[in-house]
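Colleague: After the structure tokens below, expect a handful of questions from me.
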Amino acid sequence: MPPGDIHPPCPPPMHLSPAPRSLDRRDPVTSSLSDHPDALEAGIAAGLPALERRLAYELACLQLPAARWTHPHRHQDREVVDVAIVGGGMAGLALQAALQHRGVQVRVFDEAPAGFEGPWATTARMETLRSPKQLAGPALGLPSLTFRAWFEAQFGSAAWDALDKIPRLQWMDYLRWYRRVLGLQVHNEHRVTDVWPRDAGVVELRVEHAGRAHAVFARRLVLATGRAGLGGPWVPDWARALPRAQWAHSGDAFDPARLRGLRVGVVGAGASAMDSAGSALEEGAARVHLLVRRADIPRINKGKGAGSPGFVHGHGRLSDAWRWRVRHYINEQQVPPPRNSTLRVSRHPNAFFHLGCAVQGAAVHGDVLRVATSAGPIELDFLIFATGFVVDWTQRPMLRHVAPHVRLWQDRFEPTPDQADAELSASPDLGADFEFQARDPAACPGLERIHCFAYPAALSLGVITGDIPAISDGAVRLATSLCGLLYAEDIDHHYARMQAFAEPEVFGDEWVATPLPSAP
Ligand SMILES: Cc1cc2nc3c(=O)[nH]c(=O)nc-3n(C[C@H](O)[C@H](O)[C@H](O)COP(=O)(O)OP(=O)(O)OC[C@H]3O[C@@H](n4cnc5c(N)ncnc54)[C@H](O)[C@@H]3O)c2cc1C
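Numbering (the working numbering), first residue to last: 12 to 531.
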């Protein structure tokens, strides 16, 4: 479970040099950047209030947010919100902001407590983000909304230059600020338990909060449910037969302090494997064995190499065969663990990297696990499966009413045998507006009102539905789609409103009508 307190902003990572004499810093908190236009260039931390004023100015220049223009709907005598979003993590927040900027009414639900959405301050164990610090992330094209602006406003540009990677909890602090400064409202500790597409153009949600359930109607529903958004952790079947006290998945919220003095096996060699191993070692595990199926640890991040505006905007336009080929290649090559995370493990003398060591099963002998591997048996006290996530609708009961109807890639695309890929086969076959498509449209009318803004959309649309690099691109694209859909299906109303519009721009007193002069 997340800790009880919101993590305070990290202190400046280095001592700030004194302000140049030319700058008046009498009141660094309330003085604005416009009072000191050279503050940024001088590398001065002008404070968050100044940044927030600058952001407000930028939004005003762009006339954001737009006024609500959508037509209010009702169903069963209840309000129907324009768009409901499940998930108030980075993706849900960015989409909410993009929709609000476009004058669309949004309601966001997240089961996590406020400030603890997503993995950053809950299940993640890395010291820093993998993502480079300079990525614009969810800033939606607004310079003052970037992590860099937030960081420099507090700590100055020298500290920014000195920063290597973004500390994990500091990223969460930034997302908390992002939510506050944009006035985004998330209904926290609200768990969506069921969704049903209904006739009459609405999706019904059942939402649980404080032990009570209520219904919410929305014209469109977006699932912004994260990396495992349509499933959950993957572990081999035999693992589920082991006593739950003797194993965990890297995505589980568990206290690594319980590993003190134990012999721990970590299955996998990706980022989560290193993070799990590193935190176990730091908490005093007796020995940590990384059990790596491959003969070598992946070294090159092909997804990073592919990154470009073309990759972001072009993937969804590719043929099926190309989309599959690109995603399969990235999957097959695997993403290497970050170097700093790997060094965090290897600096411990009681960490052991076993390559070419595929786990095959485990037998329980009292408190001991006898683990069979392709390199021979090993005795352990605890196993951590850093084995990733799968699309598995059974792990998302919220989606049980729609899951049988959603068309998957495996329903209509057959890869060549050398490109077989279970993860891709199970991915939803989304339309261009991120919408689910039905295997049989007659069997589940309204399914297309549910849009997937979670990681499993990557095969259909590219990596624009999670991960920091292109989250703004995805949010803007989906918000634009939703605007268009909401407008088009209410065209009668918008047309009538246009006809009824009666605000004159000239009043008839600007000219005098003159008859043509009579012909000579
Ligand atoms: C350990 C770890 C490290 C990562 N590091 C990086 C990194 O360095 N860089 C990077 O770009 N990406 C990283 N990622 C990927 C990361 O998950 C995404 O970039 C980011 O969290 C995506 O945001 P999101 O909003 O899509 O999902 P999340 O942040 O996971 O948010 C999803 C939200 O949905 C809510 N939710 C789910 N189901 C329900 C329900 N039924 N009712 C109500 N609420 C619900 C959850 O409570 C959660 O808050 C990492 C992921 C993990 C697991």
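C-beta: ideal position from N, C-alpha, C; glycine also.
In this text the structure is predicted, and so the values were computed from the model without any measurement.
According to DSSP, is Asp93 helix, strand or coil?
Modeller: The count along the sequence shown starts at 1 and reaches residue 93 at position 82. It is a strand residue.
Colleague: Restricting to Cα atoms, I'd like to know which of His504, Met285, Asp184, Gly321 is closest to Pro309.
Modeller: To locate residue 309, count along the sequence shown from 1; it is residue 298. Comparing Cα-Cα distances from Pro309 to each of His504, Met285, Asp184, Gly321, the minimum goes to Met285.
Colleague: Do the segment 414 to 434 and the segment 380 to 398 make contact, defined as three or more Cβ pairs closer than 8 Å?
Modeller: Taking 8 Å as the limit for Cβ pairs, the verdict is that the segment 380 to 398 does not touch the segment 414 to 434.
Colleague: Determine which residues share a DSSP beta bridge with Asn199 and list them.
Modeller: Residue 199 sits at position 188 when you count from the first residue of the sequence shown. Looking at the DSSP assignment, Asn199 forms a beta bridge with Asp121.
Colleague: When DSSP builds the beta bridges, which residues end up paired with Asp184?
Modeller: Here residue 184 refers to the residue found at position 173 when the sequence shown is read from its first residue. For Asp184, which the question treats as bridged, DSSP gives no partner whatsoever.
Colleague: Alpha carbon to alpha carbon, how far is Ala147 from Pro480?
Modeller: For the purposes of this step, residue 147 is identified with residue 136 of the sequence shown, where counting begins at 1. For the purposes of this step, residue 480 is identified with residue 469 of the sequence shown, where counting begins at 1. Between Ala147 and Pro480, the C-alpha separation is close to 7 Å.
Colleague: Among all the DSSP beta bridges, which residues are the ones paired with Asp205?
Modeller: Translated into positions along the sequence shown, residue 205 becomes position 194. Answer is Arg217.
Colleague: For Tyr466, which of Arg450, Ala453, Glu459, Phe445 has the nearest alpha-carbon?
Modeller: The residue you call residue 466 lines up with position 455 of the sequence shown. With distances taken between Cα atoms, Tyr466 lies closest to Phe445.
Colleague: For a minimum of 3 consecutive residues, which ranges assigned as the beta strand (DSSP E) are wholly contained in the segment 265 to 305?
Modeller: 274 to 278, 298 to 303, all fully within the segment 265 to 305.
Colleague: To the nearest angstrom, how far is the alpha carbon of Arg223 from that of Arg187?
Modeller: In the sequence shown, counting from the first residue as 1, residue 223 sits at position 212. In the sequence shown, counting from the first residue as 1, residue 187 sits at position 176. One C-alpha to the other measures close to 27 Å.
Colleague: Ligand 1 heavy atoms versus the CB of Val203: any closer than 7 Å?
Modeller: The residue you call residue 203 lines up with position 192 of the sequence shown. Yes, the beta carbon of Val203 sits closer than 7 Å to at least one heavy atom of ligand 1.
Colleague: With hydrogens ignored, establish whether the beta-carbon of Ala221 is closer than 7 Å to any heavy atom of ligand 1.
Modeller: Taking the first residue of the sequence shown as position 1, residue 221 is located at position 210. Outside the cutoff, so no.
Colleague: With distances taken Cα to Cα, identify the nearest neighbour of Ala559 among Ala306, Pro388, Val278, Phe363.
Modeller: The shown model of the chain, from 12 to 531, leaves out residue 559, and the question about it has no answer.
Colleague: Since Leu232 is in the beta strand (DSSP E), which residue starts that stretch and which ends it?
Modeller: In the sequence shown, residue 232 corresponds to position 221, counting from 1. 223 to 234 is the extent of the beta strand (DSSP E) around Leu232.
Colleague: Measuring only the C-alpha atoms, how far is Ala259 from Phe265?
Modeller: As a position in the sequence shown, residue 259 is number 248, starting the count at 1. As a position in the sequence shown, residue 265 is number 254, starting the count at 1. Straight-line Cα distance between these residues: approximately 8 Å.
Colleague: Any heavy atom of ligand 2 closer than 7 Å to the Cβ of Pro130?
Modeller: Inclusion of ligand 2 in the displayed structure is not the case, the ligand content consisting of ligand 1 alone.
Colleague: Is the CB-CB distance between Gly262 and Thr139 below 8 Å?
Modeller: The residue you call residue 262 lines up with position 251 of the sequence shown. The residue you call residue 139 lines up with position 128 of the sequence shown. Not a contact, by the Cβ cut-off of 8 Å.
Colleague: Contact check, Glu90 vs Glu200 under 8 Å by CB: the rounded distance?
Modeller: Within the sequence shown, the letter at position 79 stands for residue 90. Within the sequence shown, the letter at position 189 stands for residue 200. With 8 Å as the limit, Glu90 and Glu200 do not qualify as a contact, their Cβ atoms being about 21 Å apart.
Colleague: Determine, using beta-carbon pairs with one atom in the segment 447 to 466 and one in the segment 202 to 215, whether at least three such pairs fall under 8 Å.
Modeller: Yes: the two stretches touch, three or more of their Cβ pairs being nearer than 8 Å.
Colleague: Hey, out of Ala71, Glu128, Arg271, whose CA is closest to His112's CA?
Modeller: To locate residue 112, count along the sequence shown from 1; it is residue 101. When each option's Cα is compared against that of His112, the closest is Ala71.
Colleague: Should Pro348 and Ala280 be called a contact, given that it needs their Cβ atoms to be closer than 8 Å?
Modeller: In the sequence shown, counting from the first residue as 1, residue 348 sits at position 337. In the sequence shown, counting from the first residue as 1, residue 280 sits at position 269. In this structure, Ala280 lies closer than 8 Å to Pro348 by Cβ.
Colleague: Please work out which residues of its chain come closer than 7 Å, Cβ to Cβ, to His225, disregarding the five sequence neighbours upstream and downstream, and give them in chain order.
Modeller: Position 214 of the sequence shown, counted from the first residue, corresponds to residue 225. Val218, listed in sequence order.
Colleague: Classify Asp184: buried if its beta carbon has 16 or more other beta carbons within 10 angstroms, exposed otherwise.
Modeller: To locate residue 184, count along the sequence shown from 1; it is residue 173. Its Cβ being crowded by 16 or more others within 10 Å, Asp184 is buried.
Colleague: Counting Cβ pairs closer than 8 Å, one from the segment 226 to 239 and one from the segment 95 to 104, do we hit at least three?
Modeller: Touching, yes, given that three or more Cβ pairs across the two stretches are closer than 8 Å.
Colleague: DSSP state of His412, grouped into three classes?
Modeller: Looking up residue 412 in the sequence shown gives position 401. DSSP places His412 in coil when its eight states are reduced to three.
Colleague: Let me know if Tyr189 comes out buried or exposed under the rule of 16 or more other beta-carbons within 10 Å of its beta-carbon.
Modeller: For the purposes of this step, residue 189 is identified with residue 178 of the sequence shown, where counting begins at 1. Its Cβ being crowded by 16 or more others within 10 Å, Tyr189 is buried.
Colleague: Of the residues Val401, Val197, Gln510, Pro76, which one's Cα is nearest the Cα of Ser436?
Modeller: Along the sequence shown, read from residue 1 onward, the residue named residue 436 stands at position 425. Among Val401, Val197, Gln510, Pro76, the Cα nearest to that of Ser436 belongs to Val401.
Colleague: Could you spell out where the beta strand (DSSP E) holding Glu390 opens and where it closes?
Modeller: In the sequence shown, residue 390 corresponds to position 379, counting from 1. Segment 387 to 391, the beta strand (DSSP E) holding Glu390.
Colleague: Give the range of the beta strand (DSSP E) segment to which Pro360 is assigned.
Modeller: Sequence index remark: in the sequence shown, residue 360 carries index 349 (1-based). That residue, Pro360, is in no beta strand (DSSP E); it is neither H nor E in DSSP.
Colleague: Who are the Cβ neighbours of Gly129 in its own chain at under 7 Å, not counting the five residues just before and after it?
Modeller: Position 118 of the sequence shown, counted from the start, is the residue given in the question as residue 129. Answer for Gly129: Gly100, Met101, Gly237, listed in chain order.
Colleague: By the three-class DSSP mapping on this structure, what secondary structure does Ala132 have?
Modeller: The sequence position of residue 132 within the sequence shown is 121, counting from 1. The answer is coil: DSSP assigns Ala132 none of H, G, I, E or B.
Colleague: Can you give me the start and stop residues for the beta strand (DSSP E) that Trp258 sits inside?
Modeller: Position 247 of the sequence shown, counting from 1, holds the residue named residue 258. Its beta strand (DSSP E) spans residues 258 to 260.
Colleague: From which residue to which residue does the beta strand (DSSP E) around His462 run?
Modeller: To locate residue 462, count along the sequence shown from 1; it is residue 451. That run of the beta strand (DSSP E) goes 461 to 463.
Colleague: Can Leu140 be considered in contact with ligand 1, in the sense that its beta carbon sits closer than 7 Å to one or more heavy atoms?
Modeller: Residue numbering aside, residue 140 sits at position 129 when the sequence shown is read from its first letter. Correct: Leu140 has its Cβ closer than 7 Å to ligand 1.
Colleague: Any chance the CB of Gly98 is under 7 Å from a heavy atom of ligand 1?
Modeller: Numbered from 1 along the sequence shown, position 87 holds the residue referred to as residue 98. Yes, ligand 1 has a heavy atom inside 7 Å of this Cβ.
Colleague: Can you grab the Cα-Cα spacing for the pair Pro182 / Arg450, in whole Å?
Modeller: Sequence index remark: in the sequence shown, residue 182 carries index 171 (1-based). Sequence index remark: in the sequence shown, residue 450 carries index 439 (1-based). In the sequence as displayed, the identity of residue 182 is Trp instead of Pro. Roughly 40 Å separates the two Cα atoms.
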